[in-house]
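Asks:
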Amino acid sequence: MRLLWSLALLALTGAAQAQQVTIYRCTDASGALTVQNDVPCPKGSKQDKRVIGSAPTTSTPPAFVTPIGAAPAPPPNAAPKSPPATPMPASTAPAVPPASTAQRDDSAVSDRLPPPTLFECRTFDNDRYLSDKGDQPERCAPLQTYGVNGGPSAGAACQMVTDQCQRVADGALCESWRQRLRQAESQLRFGPVDQRAGAQADVERMGRIVRESTCGQ
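When the count follows my numbering, it moves up by one through the sequence shown with no breaks and lands on 1040 for the last residue.
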């Protein structure tokens, strides 16, 4: 009888997982044992009642607990999110100079003119110098005088001469103007004191020509 009771309990366990089940163990007057499901024993029988609690019909997955401060875990089968695009630092952007500034610089260079014409002049004794003028005035070049006895004389004499000048080539103009500027600066530093005012004016004029012409590019 105990074996029959155990088998009945095992047979009804599957049903008890879906809903609440009441099992009645009935023993009649002759001692016969029957097991009934949700049906009370008939009158005159000894009844033993047992209730098997209901079980959930569906399984619920355990809840995940997220630690404090941690990022929430993604739900199951969720597609991974793409990482956010990293913005390009502003410092890596190529710097482009303003077009107006470049245009002004190009315009300033293109507006410059070549320096004035220069002439290289040669004296009668083969000395050379640079001049703004190609036609030099006639001048009296001193001559050596001699006495009756053939020795040097204390007298003075001169010969009228004109220096011969030739135009400086365009490709050599800038270097010739720089040479004139250096000569004027040397005259200002080491020349006679009574000539420094004129030398100062020459330095300023020639420096301005070199800076503001195509020689200053």
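Note that the Cβ used here is the ideal one computed from N, Cα and C, for glycine as well.
On a predicted model such as this, the values are computed, not experimentally measured, just so you know.
Closer than 8 Å, CB to CB, is residue 1033 near chain B or not?
Replies: Reference to chain B is not applicable here, since this structure consists of a single protein chain.
Asks: Would you call the CB atoms of residue 998 and residue 983 closer than 8 Å?
Replies: No, these two residues do not count as a Cβ contact at 8 Å.
Asks: Let me check understanding here. Comparing Cα to Cα, which of 853, 864, 847 and 852 lies closest to residue 873?
Replies: Per the Cα distances, 847.
Asks: Note down, one range per segment and in chain order, each beta strand (DSSP E) of at least 3 residues found wholly within the stretch 950-1006.
Replies: Runs found: 951-954, 962-966, 980-984 and 987-990.
Asks: Would you mind giving the Cβ-Cβ distance between residue 965 and residue 1032, rounded to the nearest angstrom? I have them listed as a contact below 8 Å.
Replies: 34 Å between Cβ atoms; not a contact.
Asks: For the beta strand (DSSP E) that contains residue 1034, what are its first and last residues?
Replies: Element bounds for residue 1034: not the beta strand (DSSP E) but the alpha helix (DSSP H), 1019-1035.
Asks: Nearest by alpha-carbon distance to residue 956: which of 1023, 963 and 990 is it?
Replies: Nearest C-alpha to residue 956: 990.
Asks: Beta-carbon separation of residue 1023 and residue 1011 under 8 Å?
Replies: In this structure, residue 1011 lies closer than 8 Å to residue 1023 by Cβ.
Asks: Between residue 1016 and the ligand MN, is there a pair consisting of the residue's CB and a ligand heavy atom that are separated by less than 7 Å?
Replies: Ligands are entirely absent from the displayed structure, and the ligand MN is therefore not among its contents.
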